[in-house]
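Here the structure is laid out as structure tokens; the discussion comes afterwards.
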Amino acid sequence: MGLYEQWTKMTEADMSQAQNNAFWKDYLEKEKDNYSHILENRMDKLEGRLADVAQTFGMDPVVFAGFLDGINTSLVKELDIDALTEDTVLSAEIDFEKLYWNMHEAKADWLYNLEQWEGVLSEERRKELTREFRQSKIAVSSKVGRNDPCPCGSGKKYKKCCLQ
40 MGLYEQWTKM TEADMSQAQN NAFWKDYLEK EKDNYSHILE NRMDKLEGRL
90 ADVAQTFGMD PVVFAGFLDG INTSLVKELD IDALTEDTVL SAEIDFEKLY
140 WNMHEAKADW LYNLEQWEGV LSEERRKELT REFRQSKIAV SSKVGRNDPC
190 PCGSGKKYKK CCLQ
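Quick look at the structure:
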């Protein structure tokens, strides 16, 4: 059984609500520490044997597979998460702009607001990415309302022009 499959079983295990909350609280704290470390040290690559890299982050290889699943879409070349073993040799290059964007996508404000981002992306670039992200989520309708100007260009309201 691969590491990611073990991680999935761990997250789907039958637990009480309190146990589940404790599990995720612990994991999210480790995740935050990992990202703080990556950003603070400007680690643009995760390299080495998976078990060794997991150990440098103070994580069990199974839990680290879950972390890799979370960062996977922010890598220049995604990993085959299902094929990960403790002996898998990682050479995973991080795209920091994609990572910042994906943290917004995940609504993980505790991650995209980390102070360590200052050494990686300028404040101006972070604001620009945040603005682009928000604009990408705005729903745009091509529907013309009754009181909108008529799309034919007459200058009249739609209800007094082409709607009739």
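According to our numbering, the sequence shown is numbered sequentially starting from 40.
Note that CB positions come from ideal geometry on N, CA and C, so glycine has one too.
Quantities reported herein were computed from a predicted structural model and do not represent experimental measurements.
Here Y151 has Y139, M142, H143 as same chain residues with Cβ atoms under 7 angstroms from its own Cβ, once five neighbours each way along the sequence are excluded. Note that the C-beta distance between G41 and L160 is not below 9 angstroms. Per DSSP, reduced to three states, the secondary structure at E132 is strand. Across the set L153, H76, W46, the C-alpha of W46 shows the shortest separation from the C-alpha of F62. With a cutoff of 9 angstroms on beta-carbon distance, D72 and F96 are scored as near each other. For the pair P188 and K182, the CB atoms are not nearer than the 9 angstroms cut-off. Per DSSP, the unbroken alpha helix (DSSP H) holding K64 starts and ends at 56-79.
Within its own chain, the residues whose Cβ lies closer than 8 angstroms to the Cβ of T112, once the five positions on either side in sequence are excluded, are K137, N141, listed in chain order.
Going by C-alpha positions, A90 is about 9 angstroms away from V128.
Taking each of K69, N59, I120, M49 in turn and checking the Cα distance to D108, the smallest one comes out for I120.
Annotated as proximal: A131 and L85, with beta-carbon spacing under 9 angstroms. DSSP links G87 through a beta bridge to L129.
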